[in-house]
Structure formats: structure tokens, C-alpha cells
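Under numbering that gives the first Met the number 0, the sequence shown has 98 at position 99, and the numbering climbs by one with no breaks.
Heads up, the beta-carbon is just placed ideally off N, CA and C, and yes, glycines get one too.
For clarity, every value in this text was computed on a predicted model and none was experimentally measured.
Structure first, then comments.
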Amino acid sequence: MEKFVINGGNPLRGEVTISGAKNAALAIIPAAILSQDVCRIENVPTSISDVSFMIKTLKHIGAGVKLIDRTTIEIDSRFVNSYVIAHDMTKYLRASYYFIGALLGRFHRARVAMPGGCYLGPRPIDQHIKGFEALGAKVTVEDNAIVETTADELVGSPIYLDVVSVGATVNIMLASVKAQGLTIIENAAKEPHIVDLANFLNSMGADIRGAGTDVIKIRGTDHLHGCTYSIIPDQIEAGTFMVAAAATKGNVLIKNVIPKHLESISSKLVECGAVVEEYDEAVRVSMDTRPGKCNIKTMPHPGFPTDMQPQMAVLLALADGTSIVSESIWSNRFRYTEQLMRMGASITVDGQIAVIHGVDGLRGAPVRADDLRAGAAMIIAGLAASGRTEIEDILYIDRGYENVVEKFGNLGGDIRRVYCVEPFSNADAG
Ligand code: EPU
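See the structure below:
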């Protein structure tokens with residue numbers, strides 16, 4: 000078992016380079032099997048565990064995967080020979096369900112165990128199923144554990160999503176890109192990784208228009224070919240460093256970003272009193288006063304991202320005044336507030352609203368990462384707090400942040416990964 004040990008109090012200063020976007024990579028990697036060819040994908044965050052799981056799954060179904068360098072992989076999909084993915088491959092991450100759309104698109108058949116992933120409240124897949132069925136597939140969910148879907152042929156169709164869903168938008172794009180005729184996804188998700196997936200598929204020869212708006216039109220093509228493609232920078236990793244710079248009263252140049260993707264985060268930081276300077280492919284965040292309060296409501300893109308809500312709450316926990324955070328995407332994304340309160344934060348949660356009364360300072364404490372972004376929030380809190388913080392369950396953080404110790408360490412953060420003995424349990428009893 001590993002944990003992070005942080006001695007807080009150092010303002011973060013210097014430069015950090017952001018990795019490729021996790022959530023784009025998790026859609027693009029399975030999308031590669033839609034060609035029977037070789038795709039070279041650059042700017043891949045290869046060292047996060049979610050990406051390793053996707054790569055393992057690709058190999059499991061017969062794809063060849065070569066690591067060309069630390070951020071480039073080559074996927075050879077010529078010999079993919081299985082449409083079955085079992086629970087041991089899907090239990091760790093949500094995005095494993097993108098193989099349903101990709102296998103359906105390639106073989107007109109998929110049998111994939113239900114996905115795992117961070118617990119943020121119920122995570123239904125009814126909109127994915129609605130999309131597959133609209134394309135002509137028959138879908139059965141066996142014992143709430145396995146999704147089996149088959150189609151004699153896939154035929155394009157209009158599909159209106161009842162909720163704006165990133166996952167359903169991705170899965171329908173994957174399943175329809177080789178269908179006959181035109182698919183129109185209405186009320187589609189507009190996140191940057193949706194646009195990135197569309198750009199990747201288009202560079203394989205697909206015909207997808209409108210990605211980034213709420214109507215995406217996909218005209219099916221028989222054949223997709225290999226390509227070379229570079230994944231966009233990770234919006235949420237960038238946002239995490241932006242908030243960390245502000246919360247530690249530091250000054251950090253965050254490089255390899257698309258500032259447009261960060262606008263909602265930048266504007267909230269400015270509202271709290273941070274200075275945010277935008278360059279072509281970088282942003283600098285600095286803060287030298289106590290943060291001011293501000294209210295946040297999470298929304299689908301281009302609104303404030305739910306995946307930045309826990310990190311931003313740390314800044315607000317240190318603000319002068321009371322802030323209100325409304326979570327509108329996930330029904331259970333405030334579990335981390337209990338951990339923050341162990342560090343001295345003053346927060347009351349009522350359903351999907353958290354009221355944060357800013358305190359003068361946080362103090363280090365033993366805490367845990369309840370999920371990936373909750374873990375990122377604990378790192379920021381530990382770096383901003385006085386004294387020593389120990390974070391357990393860091394496997395969640397390793398799912399989505401590359402070289403996190405090195406990146407924060409290079410900015411002057413005192414953070415170490417340490418190995419610790421598993422606590423004694425009955426399983427150990429002789
Ligand atoms: N929803 C339904 N039915 C569906 C699908 C979704 O009701 O069939 C609901 C969900 O319950 C939720 C809302 O729609 O209330 C949005 O869910 P969405 O499908 O957009 O989320 P997701 O695709 O499961 C992705 C990211 C999450 C991020 C959300 C929202 C990936 C792999 N995951 O999840 O990222 O929170 O979009 O932006 O792209 C993370 O990176 O830490 C993370 C959790």
C-alpha cells in the first residue's frame with residue numbers, strides 16, 4: 000500500500016507541463032479498433048493507470064500495442080479478434096464501456112462486463128443503450144453485470160439524449176461512425192474530449208461534423224484507415240495546477256494547455272482574486288492575498304466542470320467569506336468534504352449543495368482520497384496547509400494524474416510517495 004506524505008506551507012513556484020487529456024485518451028484508444036490498420040497516437044498520458052488498463056484491454060482482444068516513447072503509442076488493430084471483455088478488465092474504470100460502442104461499430108457485436116470507476120452517485124447507461132438501439136442494435140443487460148449487443152446492420156438515425164452525457168455521446172459516435180447513412184446526436188455533450196475524439200475519427204476518414212456543439216452529425220463510412228494523431232492537453236490536470244498555485248499563494252506557469260478550455264476555471268479564479276495571464280499555449284496563475292469567496296455551480300461544458308469542483312472547494316475553504324458550491328452533474332460528489340473538515344475546513348453539505356465558510360488556514364491531517372478528483376483536492380489542501388498531511392487510497396490519484404509527485408515537487412511542493420504496511424486484518428490471522 001502506498002500513500003502521499005505532504006509537508007505543507009510552500010508556495011508553488013515555477014513551471015509545469017501538462018500531460019495529454021485522460022478523458023480524451025480513454026475514448027481515442029478504443030476508437031482505434033474501428034480501423035483495421037495502425038494508428039499512432041501522440042501526447043498519451045501513458046503512465047496513468049486508467050490508460051494502462053485500456054491498453055491491457057486492447058491487447059486482450061488481439062490488438063498490438065507498441066510504446067514508441069513515453070507519450071506515443073502505436074495501436075495495430077488488424078488482428079483484433081474478440082468482441083468479449085470480462086469483468087476483470089472493466090471493473091477498474093468507467094471508460095471500459097467505450098469498448099461496447101467500438102466493438103459494436105467494428106463487429107456489430109459486443110459482450111462487455113459493466114464498467115467500474117469512481118463512485119460519484121448512480122451512473123446509469125440508459126442513454127448509451129437508447130443510442131445503440133436507435134442504430135438498430137439489440138441490447139440485453141444480463142444480471143445487471145454484462146451488456147450484450149448485436150446488430151445485423153447498423154443504420155444511422157436521429158438520437159436525442161435525455162441528459163447531456165459525455166459517455167453516451169462518445170459511445171454513440173463510436174457505434175455509428177461506420178453505420179449506413181446519417182446519425183444525428185441531439186443534446187450532445189460539448190466537452191473538449193468530444194471534439195478531440197471527432198477529430199481523431201475524422202483523421203481516420205470518418206465524416207463527423209458539429210462536435211463541440213449540441214448537434215453532432217455523423218455520416219457513416221465503410222472504411223476507416225490508420226492515422227497519426229496528437230491528443231489535446233488535459234483540461235482538468237491544468238485546472239488542478241491552476242487552483243494549487245492560487246491555494247498556496249504561489250506563481251506557476253502552466254504549459255501545454257489550450258487556454259480556451261480553461262476559461263470557466265480562469266474566470267472563477269479571477270473572481271477569487273487570483274491573477275491569470277493567458278498565453279498561446281500556457282497560463283500563469285499567481286495569488287498573493289487571501290482568496291475571496293465565490294459561488295460555483297457545476298455544469299456540462301462550457302460551464303464549470305464537475306471534475307474541478309473538489310479542487311476549487313479547497314481554495315474556497317481558505318477564502319475570506321462564505322461560498323456556495325452547487326453540484327449539478329453527480330448526486331454524491333461531496334464525500335471529500337469530510338476529509339477537508341479533518342484539516343479544519345468549515346463546510347455544511349445539504350444534498351447537492353455545499354456551504355463553505357472560509358477559515359484562516361488548514362492544518363495537516365491523515366486523510367484519504369475518496370475518488371480521483373477528491374484525491375487531487377487532498378493534495379492541494381495538504382500543500383496549502385500547515386504541517387503534515389498523509390493521503391491514503393492514492394490509487395485513485397494514480398488513475399488520472401501523471402508523475403504527480405515529480406510535478407508538484409518541481410514546483411517546490413514537499414510531497415513524497417511512501418510505502419506503508421497494510422493494516423492487520425482477519426485475512427492475515429494465522
Ligand atoms: N447519465 C444518465 N444516463 C446515462 C449516462 C449518464 O442519466 O446513460 C447521467 C449521469 O448519471 C450524470 C450525467 O448524466 O448525472 C453526466 O454523466 P456523463 O455520462 O456525462 O459522465 P461520464 O461519461 O460517466 C465523464 C467523465 C467524468 C466526468 C463526467 C462529467 C470520462 C471517462 N469520465 O463521465 O470524469 O465527471 O463525464 O463531465 O470521460 C473524472 O475524470 O474524474 C471523471 C469522473
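From the DSSP output, in three-state form, read off residue i for me.
i: Ile28; result: helix
i: Gln35; result: coil
i: Ile60; result: coil
i: Asn143; result: coil
i: Gly238; result: helix
i: Gly13; result: strand
i: Lys216; result: strand
i: Asn409; result: helix
i: Gly429; result: In this predicted model, Gly429 has a pLDDT of only 43, less than 50, meaning its place in the structure is not dependable enough to derive any value.
i: Val269; result: helix
i: Val275; result: strand
i: Thr439; result: In the structure as shown, the chain starts at 0 and stops at 429, and residue 439 therefore has no counterpart that could be examined.
i: Ile124; result: coil
i: Tyr395; result: helix
i: Asp49; result: helix
i: Glu262; result: helix
i: Lys248; result: coil
Does residue i have its Cβ less than 8 Å from a Cβ in chain D?
i: Ile230; result: The structure shown contains no chain D, having only a single protein chain.
Per the DSSP calculation, residue i is bridged to which residue(s)?
i: Pro44; result: The partner list for Pro44 (beta bridge, DSSP) is empty, contrary to what the question assumes.
i: Ala430; result: What is shown of the chain runs 0 to 429, which leaves residue 430 out entirely.
i: Pro290; result: Bridge partners of Pro290: none, in fact.
i: Gly19; result: Pro232
i: Thr227; result: Arg39
i: Glu1; result: Tyr418
i: Phe303; result: Thr297
i: Asn6; result: Arg387, Asp413
Which residue spans inside the segment 310–393 form an unbroken beta strand (DSSP E) run of at least 3? 321–325, 345–349, 352–356, 365–367, 387–391
Beta strand (DSSP E) runs wholly inside the segment 57–118, at least 3 long, in chain order: 63–68, 71–75, 108–112
Is the number of C-beta pairs between the segment 208–218 and the segment 271–288 that are closer than 8 Å three or more? no
Please list the segments of the alpha helix (DSSP H) lying wholly inside the segment 132–217, counting only runs of 4 or more residues, in order along the chain. 165–175, 191–202
Whether or not the segment 28–48 and the segment 220–227 are in contact is what I'm after, with contact meaning three or more pairs of Cβ atoms, one per stretch, closer than 8 Å; do they touch? yes
Contact between the segment 326–342 and the segment 409–418 is defined here as three or more beta-carbon pairs at a separation below 8 Å; is this criterion met? no
Would you call the segment 111–119 and the segment 65–76 touching, i.e. three or more CB-CB distances under 8 Å? no
Cβ contact (3+ pairs, closer than 8 Å) linking the segment 379–392 and the segment 2–14: yes
Taking contact to mean at least 3 C-beta pairs separated by less than 8 Å, is the segment 124–139 in contact with the segment 87–94? no
Check whether the segment 305–323 touches the segment 346–359, taking contact to mean three or more Cβ pairs, one atom from each stretch, closer than 8 Å. yes
Three or more C-beta pairs under 8 Å: does that hold for the segment 358–373 against the segment 179–197? no
Between the segment 182–192 and the segment 140–150, are three or more C-beta pairs nearer than 8 Å? no
Taking 8 Å as the threshold, find out whether the segment 46–58 comes into contact with the segment 25–33 through three or more Cβ pairs. yes
Count the CB pairs spanning the segment 228–242 and the segment 257–264 that are closer than 8 Å, and state whether there are at least three. yes
When the Cβ atoms of the segment 392–404 are set against those of the segment 45–55, are three or more pairs found closer than 8 Å? yes
Measuring CB atoms only, is the segment 287–301 touching the segment 168–183, in the sense that at least three cross pairs come out at less than 8 Å? no
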